[in-house]
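*Asks:*
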Amino acid sequence: MEHVLAALALTVALLAPAPAPPLAPPSCQPVSKAGNCYRPGQYCRNSDHGVTGVGEGGQEIVCTDNDGWRWERAS
76 MEHVLAALAL
86 TVALLAPAPA
96 PPLAPPSCQP
106 VSKAGNCYRP
116 GQYCRNSDHG
126 VTGVGEGGQE
136 IVCTDNDGWR
146 WERAS
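Residues 76 to 150 in the working numbering are what the sequence shown spells out, letter by letter.
And the structure:
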């Protein structure tokens with residue numbers, strides 16, 4: 076009987092769902108047409124004027140007119 080219980084326990088352990096993967100780091104948004112994160116100083120698209128988002132490295136960025144529309148660190 077002990078062998079049956081051991082075999083049953085092993086079967087249950089093998090069929091148990093895998094643990095959840097670790098949480099991914101916060102993603103950036105918006106992203107470029109190529110799917111890349113923006114960095115402060117990069118030009119913004121017309122559709123992003125005035126938009127606030129999350130840039131590369133997780134910092135808050137805003138598309139502002141600074142001698143041309145660029146992504147800048149939010150204050």
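Ideal Cβ placement from N, Cα and C applies to all residues, glycine included.
A quick note: this is a predicted structure, and the numbers were derived from the prediction, not measured.
How far does the beta strand (DSSP E) with E135 in it extend, from its first residue to its last?
*Replies:* Position 60 of the sequence shown, counted from the first residue, corresponds to residue 135. Residues E135 to D140.
*Asks:* Look up Y113 in the DSSP assignment and give the residues it is bridged to.
*Replies:* On the sequence shown, position 38 is the one that residue 113 refers to. Beta-bridge pairing links Y113 to no other residue.
*Asks:* Roughly how many angstroms separate the alpha carbons of A109 and I136, rounded to a whole number?
*Replies:* By one-based count along the sequence shown, residue 109 stands at place 34. By one-based count along the sequence shown, residue 136 stands at place 61. So the alpha carbons of these two residues sit roughly 18 Å apart.
*Asks:* Who does E147 pair with in a DSSP beta bridge?
*Replies:* Looking up residue 147 in the sequence shown gives position 72. BP columns for E147 point to V137.
*Asks:* How is G128 classed by DSSP in three states: helix, strand or coil?
*Replies:* The sequence position of residue 128 within the sequence shown is 53, counting from 1. If DSSP states are grouped into helix, strand and coil, G128 belongs with the strands.
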